[in-house]
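Okay, structure first, notes after.
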Amino acid sequence: MTPSLEVSIPPKCFLLKPLIREVDATCSLEERYPGVTQVSARLIYYPYFGFPVAIGSPRGSRPSPLSGLFCSEDTGVPERISIIVDLLEGQAAVTDITREQLEAFGPDPLPHLPFALTVPAREGFPPGKVLDARITMDDANKTALTFLTFIATKSRRLRRCASEVTLGAPVLILKPFWIMEIQSHPDNSKMLVDAVSGGYHPILT
Amino acid sequence: MIEKIVFIVYLAGMLFIGYYFSRRDETLEDYLLGGRTIGPAVTALTMQSTSMSGYMFMGGPALTFKSGWFGFWYATGDVGGGLVNLAILGKRMRRLSQILGALTPIEYLEKRYECKAITIIGSLISIVFLSCYVIGQFIASGKTLETLTGWPFAVSLLIGVGVIIGYTVSGGYLAVCWTDFFQGIIMVLGMFGILIMGLSRVGGLTGLNNALGKMDPTYLSLWGKGLEYNNQWGVALGALLIYAIGYMGLPHVVVRHMSMKSPKTAKVAAVYSTIWNILFVYSPYVLGLIGIALLPNLKDPEMVVPALAHEVFPGIFSALLLTAIMAAIMSTADSLLMQAGSILARDVYQRFFRPNASQKQMVFVSRLLVFAVGVFGIILAVLQPPTVFGIVVFAFGTLGDSFIVPYIAAVYYEKANKVGALAAMISGAITNIIWTAGALDRTTAIHPFLAGLIVSAVFFVIFNRFGRDPSQEIKDAVRRAMGVRIPKGVESGISAMMAPEAKAVARFLREEGVTA
């Protein structure tokens, strides 16, 4: 089983809506951080390429049941997953967000969005700078294909149950994050808050 | 004969490695810091093989040969020295030196404390005592070659010094680090091999202790033969601390922090250093004790390890030991000479005499110093050779007392200023010199290193109050070097999966700060 790749240029763009508001992120950190005197927040949009992955069942045979990311829980029938590639660090990850789910956010709100742009304010979408991508589309494609080959080879279940694994055309996903500047005693620090999931991580400048 | 063949093969190998890596030096940062590209394994071994000099094969064994188990105060401190050094200074010094753009440890102090006087005094102390330290290595090389080849001391010394100098001037910092790496491996293999052989001769540690107990039970005491240092905790603590924390004050050792690939290198390097130390450090001290049992009539205690190898384990083991001793001497001497030369060229010649000096001119000045130290070392060693133990402990202690407090305060206390740092440097050095010259440890029961350290710390605390706070720029740099401290409650909820995004955003903010 060798994964294949479809490429279409330019990719469609999906802007994820921030579900965590500035006030929520600020309050949450104020509660957690001891000695905090002031918290300020600023929104950025982080670029990823999302590659939908189609997993085909062996022809002429009944599909074996799959579980987890690779199937629908109800039927055990293989369905689509996605591979996302971080366009700044070049790292790949598998995710269960499919293109259909992305479409539900509102299809193509900013078609063919160039980088180095600030997303303008509108309902539900605060303004924020889009970080410049540091890797090219070709490199992102190669990374996604390598990663898919890796998981297709490593996953015994996927190897047994899937005859074809295809990497679809990429879409550009812009995910919102809050950069929180925390002024506290004795140290000031910065924190990155995922505006979709609420997860956070310190920023070590 | 076999000693000479193995030794020549070893020398040829080291010269080749030195030549190979010297070709990569393109910029001044490459020449002085290896382009800050040194990974954890090489950092650990270059740091440890540089730290462990000919002293470990001469001074350390001589100490236990004369004083029995008392020597283990020094050994125990030494085992933890690498870990303490990397854990306390490693990350922060790496970060701050890069933020300040410093290429030598003295330039680093000058930029951190914003003071030219620090360069003048720091360079003077460094060049004088690094040179004393390297003379100890010259004497050790002469003594080793004399014992193992039978050549006269003067001839052995000339050959030893010639080899060290010829080899040092062949390459820059990267060459020194990589040759140190291989020499570190040879040192631990050679020393550990001889230790196993020695212990098997005396019936293991139990047999050794029984033999020592029969000769003189006080050999087994931690207070020295004849209970010379009975209950002198000031001496014991000084002996323990000198090598546990002393490395943080040695310019040729702390420069290893500045050349690491990244601040994270320090953590892995600390693990490698500790493993290497555990295997290596105790061995020479135990060999000194084995010498008491097997060579009780030895005239020069500093010759105990070469004599054991030559008389008790002739042939291949003797050859192995010769290369290990020369590896220890050369790995330290090259770093000392490299550092003293760099300080003279960069911090004195370029800083005060010729700001536009080319790299060629600076290398020439650096080599002049190496040559001068070599000539002076030979004259001193031939006319009146001091003991390796004496000169190394003196030079080491004075360097440590001068620089430990300023180096630690530089990265842990953002309000540390030039007045405090200068007071700490001068008072620490003077106290150690007076204490050693006047043999005050005999009357006060306080080790010269401990006395110097206490005086240096006290002077820093007092005089720092009289100086002005550093500039806001320096305070910000120190805070950045300290890294972000995350409170425990916050740390437990951090999403590890967001690490790549956090790294990328950190870079974005740094770049934004530069262009703003």
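Protein chains in written order, with my numbering: chain A, 203 to 407; chain B, 2 to 517.
Using N, Cα and C, we set each Cβ at its ideal position, and we do this for glycine too.
Phe509/B versus Asn343/A: straight-line alpha-carbon distance, rounded:
23 angstroms
*asked:* Quick check: the Cα distance between Glu4/B and Ile243/B, rounded to an integer number of angstroms?
replied: 34 angstroms
Which residues of the stretch 285-296 of chain A have a Cβ closer than 7 angstroms to any Cβ of chain B? Give them in chain order.
Asp288, Leu290, Glu291 and Gln293
First through last residue of the beta strand (DSSP E) which encompasses Leu217/A: Lys214 to Leu217
I'd like the span of the beta strand (DSSP E) that includes Ser284/A, first residue to last. Ile283 to Asp288
Where Pro356/B sits in the DSSP three-state scheme = coil
Counting beta carbon pairs with one atom in the stretch 227-247 of chain B and one in the stretch 298-313 of chain B, are three or more of them shorter than 8 angstroms? no
* Asked: Buried or exposed: where does Asn357/B fall if 16 or more other Cβ atoms within 10 Å of its Cβ makes it buried?
  -> exposed
Q) Over what stretch of residues does the alpha helix (DSSP H) that includes Val296/A continue unbroken? A) Careful: Val296/A lies outside any alpha helix (DSSP H), inside the beta strand (DSSP E) at Ala294 to Thr297.
Handout entry: Residue span of the beta strand (DSSP E) that contains Tyr402/A, given as start and end
Key = Tyr402 to Ile405
Which of helix, strand or coil DSSP assigns to Phe17/B:
helix
**Item:** Per-residue DSSP class, three states only, for Thr239/A
**Value:** strand
Taking the beta carbon of Lys1/B as the centre, do at least 16 other beta carbons fall within 10 Å, making it buried, or is it exposed? Absent from the model: residue 1/B. The displayed extent of chain B is 2 to 517, so no value can be given.
Query raised in the report: Hey, Val256/B and Pro106/B are a contact pair by Cβ (cut 8 angstroms); roughly how many whole angstroms apart?
Result: 5 angstroms
Residue burial classification, Phe66/B (beta-carbon count within 10 angstroms, cutoff 16): buried
To be precise: take each residue of the stretch 493-511 of chain B, compare its Cβ to all Cβ atoms of chain A, and keep it if any distance is under 9 angstroms. Which residues remain? Gly494, Ile495, Ser496, Ala497, Met498, Met499, Ala500, Pro501, Glu502, Ala503, Lys504, Ala505, Val506, Ala507, Arg508, Phe509, Leu510 and Arg511
Just curious, the beta strand (DSSP E) that Glu312/B is in, first and last residue?
That residue, Glu312/B, is in no beta strand (DSSP E); it is neither H nor E in DSSP.
Determine the extent of the beta strand (DSSP E) in which Glu111/B is found, giving its start and end residues. That residue, Glu111/B, is in no beta strand (DSSP E); its alpha helix (DSSP H) goes Pro106 to Tyr114.
- request: Under 7 angstroms between beta-carbons, which chain A residues line up against Val269/B? List them in chain order, please.
  value: Near Val269/B there are no residues of chain A at all, since even the closest Cβ is about 18 angstroms away, more than 7 angstroms.
### Message
Given a cut-off of 8 angstroms on the beta-carbon distance, is the pair Gly185/B and Gln49/B in contact?
### Response
yes
message: Please list the terminal residues of the continuous alpha helix (DSSP H) segment that includes Asp335/B.
response: Ile317 to Ser343
- Query: Going by C-alpha distance, which of Ile285/A, Asp226/A, Phe327/A and Gln240/A is nearest Leu374/A?
  - Reply: Ile285/A
Val332/A: first and last residue of the uninterrupted beta strand (DSSP E) it sits in
Gly330 to Val332
Considering only their Cβ atoms, is the gap separating Pro407/B from Ala425/B smaller than 8 angstroms?
yes
Let me see if you follow: with CB-CB separation under 8 angstroms, is Tyr247/A close to chain C or not?
No chain C appears in this structure, whose protein chains are A and B.
* Asked: Can a CB atom of chain B be found closer than 8 angstroms to the CB of Gly252/A?
  -> no
Please compile the residues from chain A whose C-beta is within a distance smaller than 7 angstroms of the C-beta of Val491/B. Arg234 and Tyr235
Which residues in the same chain as Gly401/A place their Cβ atom closer than 6 angstroms to its Cβ, once the five residues preceding and following it in sequence are excluded? none
Practice task
Whole angstroms is fine: what's the gap from Ala410/B's alpha carbon to Gly36/B's?
Solution key: 26 angstroms
### Query
Using a C-beta cutoff of 8 angstroms, does Val239/B count as contacting chain A?
Here the sequence assigns Gly to residue 239/B, which means Val is not the residue at that position. With 8 angstroms as the cut-off, Gly239/B does not count as an interface residue toward chain A.
message = Checking the sheet assignment: what are the DSSP bridge partners for Gly252/A?
response = Ile286/A and Val373/A
Exercise. So with Cβ pairs under 8 angstroms, would you call Gly484/B a contact of chain A?
Worked result: yes
- prompt: Taking the beta strand (DSSP E) that Ser391/A falls in, what are its first and last residues?
  reply: Ser391 to Asp396
Can Phe461/B and Asn433/B be called in contact, C-beta distance under 8 angstroms? no
Assigned exposure category for Thr239/A - 16 Cβ within 10 Å defines buried: exposed
inquiry  = Can you give me the C-alpha to C-alpha distance between Met393/A and Asp298/A, rounded to a whole angstrom?
reply    = 26 angstroms
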